[in-house]
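Beneath this line is the structure, given in structure tokens, with notes to follow.
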Amino acid sequence: MRRWFTGLVSLGMLAGCSFGADDEDGAVAVMGLTSFDACEDVVDHLKTEARDRVGPWGLGGNDLIAYLTDAPARADGAESLATEDSGGAAQAPAVPHSTTNVQEAGVDEPDVAKTDGRVLVTAASGELRVIDVTGTAPRELGRLALVEGAEQQYADATVLLAGDRVVVLVRQNTMIAYDAAASFYPGGPPSTTAVLLVDISDPAAPVVESRLEVDGDYLDARMVDETVRLVVSSYPTLAFPMTEEDANRPEDELTERNRAIVEESTIGDWLPSYTFTSGDDEPVTGQLVGCEQLSRPDEFAGYSTISVLTFDPAEGLSADGTVGVLTDGDTVYASQDRLYVATTRWGEPFAPDDRSIRPMPAPGEVTTGIHAFDITGNVPARYLASGEVEGRIIGRYAMSEYEGVLRVATTIDYWTGTTDTSESRLYTLEEGDDALVPLGQVGGLGKGEQIYAVRYFGDTGYVVTFRQVDPLYVLDLSDPANPAVTGELKITGYSSYLHDAGDDRLIGVGQEASADGRTVGAQISLFDVADPAAPAKLDGHVVPDAWSQTEWDPQAFLFWPGTGQVVVPIETMTGPSALVVRLGEDTVTEQGRIARAEAPRDGWAWLRRTLVVGDTLYTVWQDGVQANGLDDLEPRGWLAFG
1 MRRWFTGLVS LGMLAGCSFG ADDEDGAVAV MGLTSFDACE DVVDHLKTEA RDRVGPWGLG
61 GNDLIAYLTD APARADGAES LATEDSGGAA QAPAVPHSTT NVQEAGVDEP DVAKTDGRVL
121 VTAASGELRV IDVTGTAPRE LGRLALVEGA EQQYADATVL LAGDRVVVLV RQNTMIAYDA
181 AASFYPGGPP STTAVLLVDI SDPAAPVVES RLEVDGDYLD ARMVDETVRL VVSSYPTLAF
241 PMTEEDANRP EDELTERNRA IVEESTIGDW LPSYTFTSGD DEPVTGQLVG CEQLSRPDEF
301 AGYSTISVLT FDPAEGLSAD GTVGVLTDGD TVYASQDRLY VATTRWGEPF APDDRSIRPM
361 PAPGEVTTGI HAFDITGNVP ARYLASGEVE GRIIGRYAMS EYEGVLRVAT TIDYWTGTTD
421 TSESRLYTLE EGDDALVPLG QVGGLGKGEQ IYAVRYFGDT GYVVTFRQVD PLYVLDLSDP
481 ANPAVTGELK ITGYSSYLHD AGDDRLIGVG QEASADGRTV GAQISLFDVA DPAAPAKLDG
541 HVVPDAWSQT EWDPQAFLFW PGTGQVVVPI ETMTGPSALV VRLGEDTVTE QGRIARAEAP
601 RDGWAWLRRT LVVGDTLYTV WQDGVQANGL DDLEPRGWLA FG
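Note that the UniProt record's numbering gives residue 403 to position 403 of the sequence shown, counting from 1, and the numbers run on in steps of one.
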């Protein structure tokens, strides 16, 4: 009988090594770096670490993810943008238009939709579509399938737009079939990331110039001055077979067999590979990270490899110069000259033969390891330093680099079940001696609460914590060695996303709540932060019994300063829509809500993005694009993805 598994949710979050805080005050732990001289050194290191950790079920202990499978699943001179003759958009100059809502100015991020004011490029439907946005209504110019077969509409794809080229990033996670055999992998079955470089100089006929497939999951990417940095997390492809007969064998015997598999492994079992295809040429394969470009923390940090690829879309895709670190990672943040990969570690890893239920990590056991890379210029990234802070981060917005100092906000204790003793802290770190060295910290934020939002603007930081009421903290970071809280505002509800509105005002998107902490609806708030010692809420607009995607996806937020309009997707019992509000000097007023002009064919609708081009507000859905007037919100046209 053939069965299908999409994968098991495991304790994978608990994988890795906790380096521990230096003292009870949560000081930062400094991690050193060790580089490799040859592949033989890499294999020797990994075999040594695996030899004592391998168990009857392979590597990883209780954080192991088991997948049953027949075999390991592996993926083995431009013209101007558009011409009338090609059926493309007219060569009109680009009009004012919105861009992806990014964390740092000058650091572009992949998104499901991009525009240059003439065309809108989106991968929202599992196909790359090029859409003319120079007219009254959206008009499709060309399309390109990104994933073949029935899984196309569910493809997880994002794009970067660089002139007349589009970089498409596709996570390729497929179901795995199996009969009776099973294989256990250190971090799950092998997966791949596909990078497509697409030429849209003729938008009616997008062409894939080249394709790069790499082992592993793409965590994130950034583009600075048209140089792209792609971060991929890869697990070893080393497999430990398991059959029904094996399940009845003594565990000691299985452990010895698996130890032999480790001893016979080669560099190809541990490090990721790539396949590059240029046009119709034959594919070329190779090792993604050269052993001389690989480093590791001095403390063992797992079998995963974090790889940072560098390429210029104008010059083509390339795996040359990829740099790697033997560690895991899940969160990427970048300034214009630094890239950081962070991982929250939930205590020490289990021993391979320890299958007992372990209590939640104690205070001080939950830490966040951070690895820094130099991304200045258009040369390959360079691994710089590593460090660690106590507590967990909520995501990339918890980090910010400013004038050579990294700021990190964490919540401590929240996952221990003792929320009444939890608190949050902000740390400052600088590079020194191949490590991220602690400068200062400020704690005591939101005792008994957890962080819901963090934002940094220059040498000022804002932290929102919540359990019953929402303290908005203002922090002075001008002296990195002595960060300090300068002001605090306690109100009901919380903001999950903060945005600069100019003129010393701050926009918050989140939830209003009752006095006992029960959420009652989506809210857009306006704060006055002119006086750091006395932040004040000016106004707020609440949509009862609703929530907004912006709460966890900042790219879903749109602020158009010229008109003072804020647009966020909201979801209610009646379905999704785009909420449009106008900001006054001290007011937030609903202008209206944009719903779909046509009902979805499959019965559900997902509002992915909102964009402005000229006087038109575009809403990008999973199955089409709609145009509405920016001023009056009246419908102007609907383009279905057929």
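The beta-carbon is built from N, C-alpha and C at its ideal position, and this holds for glycine as well.
Start and end residues, beta strand (DSSP E) containing residue i
i, result
"ARG257", "Looking at the DSSP string, ARG257 is not in any beta strand (DSSP E); the run it does join, the alpha helix (DSSP H), is 251-263."
"ASP280", "It is not in any beta strand (DSSP E) - ASP280 carries neither H nor E in the DSSP assignment."
"GLY502", "494-502"
"ALA157", "156-162"
"GLY391", "Element bounds for GLY391: n/a, residue is neither H nor E."
"ASP528", "519-528"
"SER307", "305-311"
"PHE457", "450-457"
"SER35", "33-35"
"residue 677", "Outside the shown range of the chain (1 to 642) lies residue 677, about which nothing can therefore be said."
"PHE240", "240-242"
"TRP606", "Looking at the DSSP string, TRP606 is not in any beta strand (DSSP E), and its letter there is neither H nor E."
"ASP132", "127-132"
"ILE507", "505-513"
"LYS114", "113-115"
N-terminal and C-terminal residue of the alpha helix (DSSP H) that residue i is part of
i, result
"ASP41", "39-53"
"ASP269", "267-270"
Proximal residues to residue i (C-beta, below 8 Å), its chain only, five neighbours per side dropped
i, result
"ARG467", "THR419, GLY446, GLY448, GLU449, GLN450 and GLY517"
"ALA38", "CYS291 and GLU292"
"THR285", "ASP76, SER273, TYR274, THR275 and PHE276"
"ALA180", "A caution first: ALA180 carries a pLDDT of 36, below 50, which makes its placement in the model too unreliable to give a value."
"GLU430", "GLY404, VAL405, LEU406, LEU436, VAL437, LEU439 and PRO480"
7 Å CB neighbourhood of residue i in its chain, flanking five on each side removed
i, result
"ARG396", "GLN103, THR331, VAL332 and TYR333"
"ALA533", "THR486 and GLY487"
"VAL100", "The question names Val, yet the displayed sequence has Thr at residue 100. If we look at THR100 and ignore the five residues flanking it on each side, its Cβ neighbours are ASP108, GLU109, ASP111, LYS114 and GLN555."
"GLY440", "THR428, PRO480, ALA481, ASN482 and PRO483"
"ALA599", "none"
"GLU49", "PHE300"
"ALA78", "Confidence in ALA78 is poor, its pLDDT being 34 and thus under 50, which makes the residue's placement unreliable; the coordinate value appears in the next sentence. Same-chain partners within the cutoff: ASP164, ASP199 and SER201."
Residues bridged to residue i [DSSP beta-bridge criterion]
i, result
"TYR218", "VAL232"
"ARG596", "Answer by DSSP bridge pairing: none, since ARG596 is not bridged."
"LEU294", "GLY324"
"ARG582", "GLN565 and THR589"
"TRP547", "GLU571"
"TYR473", "VAL463 and GLU488"
"ASN628", "LEU617 and PRO635"
"ALA372", "TYR340 and ALA385"
"VAL405", "TYR402 and GLU430"
"TRP346", "VAL366"
"ALA145", "GLU127"
"THR421", "Per DSSP, none; premise fails for THR421."
"VAL437", "GLU430"
Nearest-angstrom beta carbon gap, residue j and residue i [assumed within contact, 8 Å]
i, j, result
"ARG609", "VAL620", "4 Å"
"THR310", "ARG229", "6 Å"
"LEU128", "ARG118", "The Cβ separation is near 16 Å, so there is no contact."
"ALA453", "LEU498", "5 Å"
"TYR456", "TYR402", "7 Å"
Proximity winner among the options, relative to residue i (alpha-carbon distances)
i, options, result
"TRP638", "ALA50, ASP116 and GLY135", "GLY135"
"residue 646", "GLU590, TRP560, VAL42 and VAL625", "Past the edges of the chain, shown from 1 to 642, lies residue 646, and the structure says nothing about it."
"GLN565", "LEU219, VAL588 and PRO576", "VAL588"
"THR335", "VAL405, VAL509 and ASP500", "Strictly speaking, residue 335 in this sequence is Ser, with Thr absent from that position. It is VAL405."
"THR305", "GLU390, ASP217 and GLU365", "ASP217"
"TYR340", "GLU365, HIS371 and ASP132", "HIS371"
"residue 645", "GLU590, GLN591, VAL520 and GLN511", "This structure leaves residue 645 out entirely; the chain is present only between 1 and 642."
"VAL612", "ASP539, ALA105, PRO138 and ALA605", "PRO138"
"VAL95", "ALA515, ILE131 and GLY614", "GLY614"
"SER278", "LEU583, ASP199, ASP116 and ASP52", "ASP199"
"GLU585", "THR563, SER577, TRP604 and GLY461", "THR563"
"VAL289", "LEU326, LYS490 and GLY302", "LEU326"
"ALA319", "ILE393, TYR235, ARG211 and PHE457", "ARG211"
"GLY444", "GLU430, ASP503, THR410 and GLU590", "THR410"
"VAL366", "PRO380, SER424 and VAL54", "SER424"
"ALA162", "GLU264, ALA124, VAL133 and ASP116", "ASP116"
Check: residue i C-beta below 7 Å from any heavy atom of the ligand GTP
i, result
"TYR235", "This structure simply doesn't include the ligand GTP, nor any ligand for that matter."
6 Å CB neighbourhood of residue i in its chain, flanking five on each side removed
i, result
"ASP85", "No answer about ASP85 holds up, because its pLDDT of 39 lies below 50 and its placement is not dependable."
"LEU160", "PRO110, VAL167 and MET223"
"ALA501", "ILE507"
"VAL207", "ASP199"
"ALA522", "VAL543, ALA546, TRP547, SER548 and ILE570"
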